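Protein chains: 4
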Amino acid sequence: MIIVLKENCTIEQQQALVSSIQSHGLSTNLSKGDQVTIIGVIGDKSVLDIDQLKADPRVDNVIPVTESYKLVNRKFHPEDTEFTVKNTVIGPNNLTIMAGPCAIESEEQLMTIARAVKASGATLLRGGAYKPRTSPYSFQGLEEEGLRYMKEAGEETGLATICEITSLKALETAVSYVDMLQVGARNMQNFELLKEVGKCGKPVMLKRGLAATIDEWLNAAEYIMANGNPNVCLCERGIRTYETATRNTLDLAAVLVLKEKTHLPVIVDPSHATGVRAFVKPLTKSAIAVGADGVMVEVHNRPECALSDGPQSLTCQQFDEMMQEIRPYADLVKRSLA
Amino acid sequence: MIIVLKENCTIEQQQALVSSIQSHGLSTNLSKGDQVTIIGVIGDKSVLDIDQLKADPRVDNVIPVTESYKLVNRKFHPEDTEFTVKNTVIGPNNLTIMAGPCAIESEEQLMTIARAVKASGATLLRGGAYKPRTSPYSFQGLEEEGLRYMKEAGEETGLATICEITSLKALETAVSYVDMLQVGARNMQNFELLKEVGKCGKPVMLKRGLAATIDEWLNAAEYIMANGNPNVCLCERGIRTYETATRNTLDLAAVLVLKEKTHLPVIVDPSHATGVRAFVKPLTKSAIAVGADGVMVEVHNRPECALSDGPQSLTCQQFDEMMQEIRPYADLVKRSLA
Amino acid sequence: MIIVLKENCTIEQQQALVSSIQSHGLSTNLSKGDQVTIIGVIGDKSVLDIDQLKADPRVDNVIPVTESYKLVNRKFHPEDTEFTVKNTVIGPNNLTIMAGPCAIESEEQLMTIARAVKASGATLLRGGAYKPRTSPYSFQGLEEEGLRYMKEAGEETGLATICEITSLKALETAVSYVDMLQVGARNMQNFELLKEVGKCGKPVMLKRGLAATIDEWLNAAEYIMANGNPNVCLCERGIRTYETATRNTLDLAAVLVLKEKTHLPVIVDPSHATGVRAFVKPLTKSAIAVGADGVMVEVHNRPECALSDGPQSLTCQQFDEMMQEIRPYADLVKRSLA
Amino acid sequence: MIIVLKENCTIEQQQALVSSIQSHGLSTNLSKGDQVTIIGVIGDKSVLDIDQLKADPRVDNVIPVTESYKLVNRKFHPEDTEFTVKNTVIGPNNLTIMAGPCAIESEEQLMTIARAVKASGATLLRGGAYKPRTSPYSFQGLEEEGLRYMKEAGEETGLATICEITSLKALETAVSYVDMLQVGARNMQNFELLKEVGKCGKPVMLKRGLAATIDEWLNAAEYIMANGNPNVCLCERGIRTYETATRNTLDLAAVLVLKEKTHLPVIVDPSHATGVRAFVKPLTKSAIAVGADGVMVEVHNRPECALSDGPQSLTCQQFDEMMQEIRPYADLVKRSLA
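Quick mapping for you: the protein sequence lines, in order, are chains G, A, P and Y.
Read left to right, the first sequence gives residues 0 to 337 (numbering that gives the first Met the number 0).
Read left to right, the second sequence gives residues 0 to 337 (numbering that gives the first Met the number 0).
Read left to right, the third sequence gives residues 0 to 337 (numbering that gives the first Met the number 0).
Read left to right, the fourth sequence gives residues 0 to 337 (numbering that gives the first Met the number 0).
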């Protein structure tokens, strides 16, 4: 940590600050420049409060040079994480394909889609039972009924299942029905939910917040790991920018940044990122080429009748075509598809 | 609602779509241009699903011309909302000053600050008992102990009290202790929390999400009102942009947009918006001049010792000076200060 | 074009507005809803001024449904554009690789790099002779001396050459030396420069502005085409967002949007987009997979000694490895590499 | 400047880097932490190239702690700059009001508006003769004819005049006609234009780029001052963000940041920032309250007939009302109005 002192900070004040820092068991290194004087702080900085230092009248700025997250940090855990969900593995050797409807609408709809995506090669079935919707007047999901259909679909097809949970109550219910939990973009910093997800015993996928920095996202994952859950993967789903030609801006370079900073697997969701059906296939190829560990895509048997997010859903046939076309891309990055 | 048809949409397809829309009890108006054909839809569009329409293979785009929120909409409720919190009123005739520490740290700290801000003219005491923190290793708040101190401080000083709640559990606890609840930026789209806040019987302040559009914000407020709570005010606290010279970018024009679109009071938080103590006073004046119904500012008796967000807190003396200086601005906009 | 009327607009006012629009030779279609009344306008809207209409006291909003650009619009020119630069073709059948140093530093540096990138399979040599630098005290380029080296390098290696021009004077000089011109991000809306580039007779690559929408970008390209130059390609180079983990956010979905809206070729620049050497190779693969017509990458013989943008430059050997690795990706999208 | 070394950097490599830095006449200060080792660099860092250092294989990151701009920097020029334009002064004691049409349309239009804004208390007449327009098919300005009208209007009314110049050619023409030049948002980093504006001998107003950071903006101003022109003021006109409810997001906190970092006057343009007529008056008050040295507002005698940006223009009468209402705000900040 580097502390930049104010220009008018006297030598006595500098010494007092240095002593105070050293009293926390830290070493310091004072460097006087012609314009600014800085203090380098060495040791376990978690005993200091950055905000407190920034408020100090002697201090101009505080620049951290190490990260605040530890368990998710690749520095302290260099090997890629891999974990099992039911009978599929998410990690560096596989290309995980999560597919299914945005929202579960009926038993028949879910079973039809589940059979189709299984046949085409997906290994996880996605489907929303609790839908976070901007307007209170939009369809909010089938809730526990939807979860029951997910369980049936998983049992019949052998697919692992993943559902978004939007509250502690949804979490408590969902753990009995599905194999993996998803924390959505709007809840990425719902810290109470993250803590409970950390204790739930199920693998979890944490989506990036609508305007979350990578650093905030990794700290959110740290909440889950710090509460006991090592089976976490991250999902890039586009960020909010000024550009409105696509719903969000898919940040594929974020996959590369994450691969440097963390050992956790990274999934890409091109459906929510763009909101455009025709962009899902090329962006899936693009995500594989850049090094993602998998993709999550929306598939619907009748997208024009979907109750939620129809415009971005592939038909079952389009999904099947996509699966055929992405195999050579998976081969190029030496990842297995089911 | 305007539906723009695809260029290759046949006349038969147009007719089928028009019939389908009319079968929902809506009127339509077909307009053929040289480049595009559009259908104007007239009536209660809540029976249609925009996403479903967008997914329709005959449809190029769907453009809403009316808003999805109703209860918060000024069109249907032209008068400014005003409501009472304990013995103070938030609304068009007053300038509400909410002041207090970012985080409640001890009984003594809170009482000292409460007495000071009361003496200077604040009417609501703010103070965080549940702190949403980016890192799991940062101070997370005193929780119920903090709420008890708030209650004491309110009783001794006569100030109304407001606390952020970050979970249903916090909500359940907080309603017994404080006069008004705050939903923070990170929970603006925690819809389960919004629904319960709608049922809790206490006035509520809804902060704008880190990257929320005004439209999403008003829909979030609609969740609260639709669940029975009419006593809602909004708080502009800066949005996330590319500019890092301040922590967020305070969007004062949003106050004006809100005043057109909704009848709910609007509070401005210059402390969180900028993260810089020296900017709080001038931006408070600026917020008053633009028409805000009040401000929320952080005050600390010893900012350099604050456990959270010290750099943006005013000292009690700075707050007192600010209160003196803003009086003529309040006079210019014909609003009462305590 | 759709004109949404104000709620309080009387029938007489509506009729007057309709008559006024019809007097410009346009047809109208009036649609009265329960909340709003709209006028659909049919015909050549370029005779109307949107800003003027928006200022009209009877008008609430004006929503264009057709684009303002024509020559670059795929609607009126469905086939992909392809054009020749010296002895290489930019278009749908090729994968164009532009490579070279950020800034030309010396004859020896440029010749070394030119020979290396030619040997590895590049077809265009890039190199900056005029460098737009944030600070006036940074290295600004060798100017005409650099252009002379480019000409020599092109003659010796047979590579086509491309240089950024930053002013009319640079343009006048550069046309005698290089085969293709580049308009950089900072000049994307330097309309005087665009007009002259439209008249210069050389192929041109137009980079996306730092925070330009796709619509603004296509209108900027329209300036070039409207002044007589049909040989234009676009270059996505990352946009400015709140995320600072990479220099900019590479918007690969923009390639897909552009392919829908325009017939012009699209190049991707992963070097400037991220500012990180290690990200160039994977993002190049990603750009190919998504459908780009080529990439522009920075290569330097000694990046640690580069006078400009060293951290994002590949070494000549890294570039060679990249070229080997991207061949199977080019095969998958059926594009030829040199 | 702080250089953060890579973890695997050997002691020999550290020493070699330190020696190399010292060979440039700089002092260094090596600080070894348990996780990272950093080198503090003391002295005139302009002899080092940050990009070159970042590309060094031994280096993880380079963090500047001092600014790259010098002449505009308040550190080296603590007093507020003030300068005279014709017979008005821009600086800390005045509130400068620039008013006039977005685009000059005719002699009569300009004279009518000039007389009106003079009568209401403006001191500078604005008016666009060269209009940078997104589409090549929009009205581009009267050019030299417009400048002639400006000169006449200035002579008749006594108002000082300001015009945007969009090219070197426009600059050469404009210097003979107007008292002050404006560099617009789209040209903020048109460095060739900035250099010539630095040599032109006229006061200049530099608008913030559409998505420019404050740091980039100050460096752009440095280009002008470094070329000999000390009479520079800055104009905040809103930045591009994800929010579309207003055309741009007016960043009033930027006024405060600028006042800390630079001695140059700061003007605010609420017309372009929002694009909404009704927001101009309240945001003008807000800008005064926050400490701006003036505002630039658009005024039109018949906004509904304006050829450019009508929706944001005040009528002459609205401008007059605004001038009455802002006087007490000017008094509160102790600034003189004409």
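Idealized CB from N, CA, C, for every residue including glycine.
Bear in mind that the values here come from a model prediction, so they are computed numbers and not experimental data.
So with CB distances below 8 Å, who are the chain A contacts of threonine 240 of chain P?
Tyr241
Host beta strand (DSSP E) of leucine 109 of chain P (start-end):
Careful: leucine 109 of chain P lies outside any beta strand (DSSP E), inside the alpha helix (DSSP H) at 106–119.
By how many angstroms is the C-alpha of lysine 260 of chain Y removed from the C-alpha of arginine 419 of chain Y?
Since the first and last residues shown for chain Y are 0 and 337, residue 419 of chain Y lies out of range.
Span separating the alpha-carbon of valine 196 of chain Y from that of alanine 113 of chain Y:
26 Å
How many Å lie between serine 105 of chain G and arginine 125 of chain G at the Cα?
14 Å
If you follow the beta strand (DSSP E) that threonine 283 of chain A is part of, which residue opens it and which one closes it?
First-last for threonine 283 of chain A: 279–289, but that is the alpha helix (DSSP H), not the beta strand (DSSP E).
Helix, strand or coil for arginine 384 of chain A, going by three-state DSSP, please let me know.
Coverage of chain A is limited to positions 0 through 337, which leaves residue 384 of chain A absent and any answer about it impossible.
Taking DSSP's pairing of strands, which residues face threonine 95 of chain A in a bridge?
A:Gly293.
Output, in sequence order along the chain, the residues in the segment 183–202 of chain A whose CB is closer than 7 Å to any CB in chain G.
Arg185, Asn186, Gln188, Asn189, Phe190 and Glu191
Host alpha helix (DSSP H) of glutamate 144 of chain Y (start-end):
143–156
So, valine 58 of chain G versus isoleucine 49 of chain G, is the Cβ gap smaller than 8 Å?
no
When the distance is taken between beta carbons, is isoleucine 89 of chain G closer than 8 Å to glutamate 78 of chain G?
Taking C-beta atoms as the reference points, glutamate 78 of chain G and isoleucine 89 of chain G fail to come closer than 8 Å.
Please report the straight-line C-alpha distance between aspartate 308 of chain P and threonine 65 of chain Y, rounded to a whole angstrom.
20 Å
At the level of alpha carbons, what is the spacing between arginine 185 of chain G and leucine 192 of chain A?
12 Å
Check whether leucine 209 of chain Y and isoleucine 238 of chain Y have beta carbons under 8 Å apart
yes
Short of 8 Å in beta carbon distance, which residues of its chain neighbour valine 177 of chain P, apart from the five on each side in sequence? Order them along the chain.
Leu146, Met149, Lys150, Gly153, Thr160, Ile161, Cys162 and Lys201
In chain order, what residues of the same chain lie with their CB nearer than 7 Å to the CB of glycine 120 of chain A, ignoring the 5 residues before and after it?
Ile96, Met322, Leu336 and Ala337
Once the 5 residues before and after histidine 299 of chain P are set aside, which same chain residues still bring their CB inside 6 Å of it?
Pro100, Ala305 and Ser312
From the DSSP output, read off the bridge partner residues of valine 231 of chain Y.
Y:Val203
Of the residues G:Gln21, G:His23 and G:Ile37, which one's Cα is nearest the Cα of asparagine 7 of chain G?
G:Ile37
Tell me which same chain residues have a C-beta within less than 8 Å of the C-beta of alanine 118 of chain Y, skipping the five on either side of it?
Asp319
With a 10 Å radius around its C-beta and 16 neighbouring C-beta atoms as the bar for buried, classify valine 46 of chain Y as buried or exposed.
exposed
Would you say serine 3 of chain P reaches chain A, if we count a Cβ-Cβ gap shorter than 8 Å as a contact?
First, the residue type needs correcting, since residue 3 of chain P is valine and not serine in the sequence shown. Yes, valine 3 of chain P lies at the interface with chain A (some Cβ there is under 8 Å from its Cβ).
Beta-carbon contacts of tryptophan 216 of chain A that lie in its chain and below 6 Å, excluding the five residues immediately before and after
Arg207
Which residues in the same chain have their Cβ closer than 6 Å to the Cβ of leucine 123 of chain G, if we skip the five residues on either side of it in sequence?
Met97, Ala159 and Ile161
Straight-line Cα distance separating lysine 5 of chain A from arginine 301 of chain G
When rounded, the separation of the alpha-carbon atoms in arginine 301 of chain G and lysine 5 of chain A is 19 Å.
Assigned exposure category for proline 310 of chain G - 16 Cβ within 10 Å defines buried:
buried
For serine 166 of chain Y, count neighbouring C-beta atoms within 10 Å of its own C-beta (all shown protein chains included) and say buried if the count is 16 or more, exposed if not.
By the neighbour-count criterion, in which a residue is buried when 16 or more other Cβ atoms sit within 10 angstroms of its Cβ, serine 166 of chain Y is buried.
Roughly how many angstroms separate the alpha carbons of methionine 204 of chain A and glutamate 221 of chain A, rounded to a whole number?
13 Å
Counting C-beta neighbours from all protein chains within 10 Å, is the total for asparagine 228 of chain A 16 or more, i.e. buried, or is it exposed?
buried
Coil, strand or helix - cysteine 25 of chain A by DSSP
Note that residue 25 of chain A is leucine in the sequence shown, not cysteine. If DSSP states are grouped into helix, strand and coil, leucine 25 of chain A belongs with coil.
I'd like to check one pair, valine 279 of chain P with leucine 282 of chain G: are the Cβ atoms closer than 8 Å?
no
Give the DSSP-derived three-state secondary structure of aspartate 50 of chain G in the structure shown.
In this structure, aspartate 50 of chain G counts as helix in the three-state DSSP scheme.
Closest to lysine 258 of chain A by C-alpha separation, out of A:Ile213, A:Thr273 and A:Leu249, would be which residue?
Answer by Cα proximity: A:Ile213.
C-alpha distance - alanine 252 of chain P paired with glutamine 188 of chain G, whole-angstrom precision
27 Å
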